[in-house]
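**Student:**
Protein chains in written order, with the numbering used here: chain A, 14 to 373; chain B, 1185 to 1544.
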C-alpha cells in the first residue's frame, strides 16, 4: 500500500457538510481510502472516480453515486496516484473519444445529409398521406373562401364541362372562380383549384384558360400542393419557427414555386390533356408569351403574381408550341355562350363577396 | 489582488481562457444544426462557475447538456406540438367562420403560455441552484413552481389594471416569492424587497413618454406657427435640415426612454439582491445605472466591431458583470452548512429555454 501524507494541497469534501478536510490517502492497485482526524472515506474503487472540470490548474474528482463528494489537488495529483485517475471530459464524451476535428467533420457530413433529407423528404412523404386527410385539410384551409366564389348555373355547367374533358380521372373536388383581382390560378390541397377572376378577364379565349387550368389539374394529380405543404411544415419545425400560421401558409402557397420538376410535370400533363381533349395548345403558348413580356406585356402589369409562382420560360412556351399538330383543326374548349358564362360569373353572381386584391 | 480577496465574490476568468471554449462551441453548434447548444451552454457555465470564487472556494456547475436537451424535448412534446396544431386550427376556424370559438381557444392558448412562462421562471432558478455546488454542498428548492405560475399570472394582471402602475409591486413580490422558495444547503434564502423605493424611478419611466410627447407637440406647434408667419406653404417638402432634426429627435426620444428604463432596472436589481440573505449572510449588488450603461454600450461595440462574432462572448461579459458587482457580508459557518435535502430536478430548464428567459 502506498500513501501520501496529509497536505494542504490535497483537500476533500464529503458531500454531507461544507467542512474542508486535508486527508491522507492510502491506495492499492484496486482501491483507495481517505483518512483524516475523526473520519475516513473508503475504500473506494478507482473506477468510481469521476473527473470534474479542472479549475485554474487544480484537479478535482467526484465519486460515482456520492453527490458532493470531492477530492481535489492543487496542480496535478502525485505521479503514482495519477495513473489511476480518469481524464477530464472536454467537449462531451463522444467528441472527446474521436477528437474535435474529426467530430466536426463527421457532424458536418451528417448535417449535410440531414439538410438534404429534409429538403427531399416532402417528395417522399406527400404521396403516402391519405387522400382523405388532404381533403379534410384542404376544406379546413379554404372553407367557402370567404364567400368570394362566383357561380351561376351556367358557369357551373361550363366549368363542369371543362373538368370532364380535361381532368376526368383526377380527384378534383372543386374548380372555383374567385372574385380576386389577381392574374393567377392556384391548386390548393384537397383537389381545389381556384381561377382568379382577373385571370379569366385577361384570358382571350376559353382555350387559353383551358391551358392554365390543365396545368393546375396536373398539380392536383401529382399532389404537388401537399408536397409543398409538407415542406413548409417541415421547414417551420426545423427552423424552430412555430409562428407558421395557416393564413400565411395558404398565402405562400400562391407564391410558392413547386420546383422546376413539378412545373415541368404539370406542363407535361397539361399538354397531354389538351391533346386528348383535342384543344389547341397554341393559345396557351401565346398566353405564356404575353406573360413573358411579349407584344402587349404592359397590359399584364398584374401578371407578377402568376409569374412568381409559375416561372415563364421560353422553354415552357416552346413545349406547348411544339405539341401543336400542323394543319389540324382543333375543337373549341367551350362554346361562345359557355365562355361568356364563365367570364360573367362574378358580375352575375349576386351573393358573392366584393372583389379584393388579396386572396386571404 | 487585495481588492479581489476582500470581496466575498470574485471572478477569476480571462477572455483568453474563454475564447477556445466559445469558438469550439460555435463550430460544434453549427455543424450539429444547433443540437450542440445544450452542451455548449453547459461548457460555458462549467467554465464561468469554476472561475467564480465565493470566499475561499470556486463554485462548481454540475448540470449536463443531456439534461438541457431532455428539458427542451419535454417542452417540445408537451407544449410545442399541441400549440402548433392550435395555431393551425385557429386560423382554419376563422376561415370557416367560427371566429368566436377560435377567439376563445386562442385566449386559452395565450393564458396557458402566460402561466407556463411563470412556471418556467421558477423552475429555471431551481434547476440552476440545484446544479450549483460549493464546498460539496448544493442549492435547490422543493417548490416545483406550479403555484408560482398562478401568482405570476394574477399579480401581472393586477399590476396592469391601474394602467401598469403596480408593476414595481408585481416585480418585487414575485422576486420575493421566487427566492423565498429557494435554499442552499440547509438554509433558506430570504428576500424581502419592497416596491416603495422603486416608484420614483418607475414614475419617471412611466411619465417620460408623455412629457416628451407633449414637448414634441409644443415644438411642432411653435415650428408650424413660425412657418405660417414666414409664409411658407405647408405642402412644399420640408428642407433637409428639418428631416435630419426630426430623425435626431426620434433617436433622442428612444435613447432617453432606454436610459430611464435602465435606471429603473438597475435600482430594481440593486435593492432586490440587497434585500436577500442566506442564514447569516447578507447579499449586496453594487452595479449602478452607469455600470449597466457601460455594460450595454460595451456589448453593442463588441458585437458591431466583430461583425456579430462577439455575440459568443456576451454570456461571459454578463456573468463577469454580475459576479464582480455581487457581494456578501456576514459569516457562514461551514459546519452548519450541511447537504441540501431538496429534490434535485431531473431535467434542465426546458421551459425557460423555450420561452427564451435568460437573465438571473
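Where is the CB? At the ideal position from N, CA and C, for every residue including glycine.
#1: From this set, A:23, A:117, A:220, which residue's C-alpha is nearest residue 343 (chain A)'s C-alpha?
#2: Please report the straight-line C-alpha distance between residue 1297 (chain B) and residue 1345 (chain B), rounded to a whole angstrom.
#3: Is the stretch 1238-1257 of chain B in contact with the stretch 143-150 of chain A, if contact means three or more CB pairs nearer than 8 angstroms?
#4: Just to confirm the assignment, what range does the alpha helix (DSSP H) spanning residue 25 (chain A) have?
#5: Could you tell me which uninterrupted alpha helix (DSSP H) segments, each at least 4 residues in length, are contained entirely in the stretch 1268-1345 of chain B, listed from first to last along the chain?
#6: Taking 8 angstroms as the CB-CB limit, is residue 1468 (chain B) close to chain A?
#7: Can you name the residues of chain B whose CB is closer than 7 angstroms to the CB of residue 66 (chain A)?
#8: Considering only heavy atoms of the ligand FMN, does any lie closer than 7 angstroms to the CB of residue 1314 (chain B)?
#9: Among residues of its own chain, excluding the 5 on either side of residue 334 (chain A), which ones have a beta-carbon nearer than 8 angstroms to its beta-carbon?
#10: Closer than 8 angstroms between beta carbons: that is the criterion. Which residues of the stretch 1481-1505 of chain B meet it against chain A?
#11: Give the residues of chain A in contact with residue 1223 (chain B), contact being defined as C-beta atoms less than 8 angstroms apart.
#12: Identify, in the order they occur along the chain, each residue of the same chain with its Cβ nearer than 6 angstroms to the Cβ of residue 204 (chain A), setting aside the five sequence neighbours on each side.
#13: Taking 6 angstroms as the limit between beta carbons, can you name the residues of its chain near residue 279 (chain A), skipping five residues before and five after?
#14: Name the DSSP bridge partner or partners of residue 127 (chain A)?
#15: Determine, for residue 1477 (chain B), whether the minimum Cβ-Cβ distance to residues of chain A falls below 8 angstroms.
#16: Can you give the Cα-Cα distance for residue 368 (chain A) and residue 211 (chain A), rounded to whole angstroms?
#17: Can you look up residue 344 (chain A) in the DSSP assignment and give me helix, strand or coil?
#18: Mind pulling the chain B residues with CB within less than 7 angstroms of residue 29 (chain A)?
#19: Under 7 angstroms between beta-carbons, which chain D residues line up against residue 127 (chain A)? List them in chain order, please.
#20: With 7 angstroms as the C-beta to C-beta threshold (strictly closer), list the residues of the stretch 1312-1342 of chain B near chain A in chain order.
#21: Return the CA-CA distance between residue 1289 (chain B) and residue 300 (chain A), expressed in angstroms with no decimal places.
#22: Kindly say whether residue 1514 (chain B), judged by its beta-carbon, lies nearer than 8 angstroms to any beta-carbon of chain A.
#23: Which residue marks the beginning of the alpha helix (DSSP H) containing residue 109 (chain A), and which one marks its end?
#24: Under three-state DSSP, which class holds residue 85 (chain A)?
#25: Does any CB atom of chain B fall closer than 8 angstroms to the CB of residue 113 (chain A)?
#26: Between which two residues does the alpha helix (DSSP H) containing residue 225 (chain A) stretch?
#27: Residues in the stretch 1238-1250 of chain B with C-beta within 7 angstroms of chain A's C-beta atoms, listed in sequence order?
#28: Considering only DSSP beta bridges, list what residue 49 (chain A) is partnered with.
#29: May I have the straight-line CA-CA distance separating residue 1362 (chain B) from residue 1304 (chain B), to the nearest angstrom?
#30: What's the C-alpha gap between residue 314 (chain A) and residue 1472 (chain B)?
#31: Does the contact criterion of 3 or more C-beta pairs under 8 angstroms hold for the stretch 1461-1475 of chain B versus the stretch 1507-1520 of chain B?
#32: Quick check on residue 282 (chain A): buried or exposed, where buried means 16 or more other Cβ atoms within 10 Å of its Cβ?
#33: Return no unless some Cβ of chain A is closer than 8 angstroms to the Cβ of residue 1510 (chain B).
#34: Are at least three pairs of beta-carbons, each pair with one atom in the stretch 1319-1335 of chain B and one in the stretch 27-47 of chain A, less than 8 angstroms apart?
#35: To the nearest angstrom, how far is the alpha carbon of residue 1542 (chain B) from that of residue 1211 (chain B)?
#36: Residue 32 (chain A) CB to nearest chain B CB: under 8 angstroms?
**Tutor:** Looking at the coordinates:
#1: Comparing Cα-Cα distances from residue 343 (chain A) to each of A:23, A:117, A:220, the minimum goes to A:220.
#2: Between residue 1297 (chain B) and residue 1345 (chain B), the C-alpha separation is close to 20 angstroms.
#3: No, they do not touch.
#4: For residue 25 (chain A), there is no enclosing alpha helix (DSSP H); the residue is part of the beta strand (DSSP E) that begins and ends at 23-27.
#5: Qualifying alpha helix (DSSP H) stretches, in chain order: 1283-1314, 1330-1344.
#6: Answer no: the Cβ-Cβ gap between residue 1468 (chain B) and chain A never drops below 8 angstroms.
#7: By Cβ distance, chain B contributes 1230, 1234.
#8: Only the bare structure without any ligand can be found here, which leaves the ligand FMN out of the picture.
#9: Counting only Cβ-Cβ distances below 8 angstroms, and skipping sequence neighbours, we find 294, 295, 298.
#10: Listed in sequence order: no entries.
#11: Under the 8 angstroms cutoff, chain A gives 104, 105.
#12: In its chain, beyond the 5 residues on either side, 184, 185, 186, 233 have a beta carbon closer than 6 angstroms to the beta carbon of residue 204 (chain A).
#13: Closer than 6 angstroms at Cβ, skipping near neighbours: 228, 231, 232.
#14: According to DSSP, residue 127 (chain A) bridges with nothing at all.
#15: Taking a beta-carbon distance threshold of 8 angstroms, residue 1477 (chain B) does not count as an interface residue toward chain A.
#16: Answer to the nearest angstrom: the Cα atoms are 10 angstroms apart.
#17: Here residue 344 (chain A) carries a strand assignment [DSSP, helix/strand/coil].
#18: Simply 1522, 1523.
#19: Among the protein chains in the structure shown, which are A and B, there is no chain D.
#20: Those residues of the stretch 1312-1342 of chain B that come within reach of chain A (Cβ to Cβ, closer than 7 angstroms) are 1317, 1319, 1320, 1321, 1322.
#21: Approximately 46 angstroms between the Cα atoms of the pair.
#22: So, not an interface residue.
#23: Looking at the DSSP string, the run of the alpha helix (DSSP H) that includes residue 109 (chain A) is 106-111.
#24: In the structure shown, residue 85 (chain A) sits in a strand (DSSP, three-state: E or B).
#25: Judged by the 8 angstroms Cβ criterion, residue 113 (chain A) is in contact with chain B.
#26: 219-235 is the extent of the alpha helix (DSSP H) around residue 225 (chain A).
#27: Of all residues in the stretch 1238-1250 of chain B, 1242, 1244, 1249 have a Cβ within less than 7 angstroms of some Cβ in chain A.
#28: When beta bridges are read from the DSSP output, residue 49 (chain A) appears opposite A:52.
#29: Going by C-alpha positions, residue 1362 (chain B) is about 11 angstroms away from residue 1304 (chain B).
#30: Residue placement at residue 314 (chain A) is flagged as unreliable, the pLDDT there being 41, under the threshold of 50; the coordinate-derived value follows with that caveat. Spanning the two alpha carbons is a distance of roughly 60 angstroms.
#31: Enough Cβ pairs lie closer than 8 angstroms, so yes.
#32: Buried, by the Cβ-count rule.
#33: It does not; no Cβ of chain A falls within 8 angstroms.
#34: Cβ pair count under 8 angstroms is three or more, so yes.
#35: Here the model assigns residue 1542 (chain B) a pLDDT of 43, short of 50, so the residue's position is not dependable, and the following value carries that caveat. Computed Cα separation, rounded: 22 angstroms.
#36: By this cut-off, residue 32 (chain A) is an interface position.
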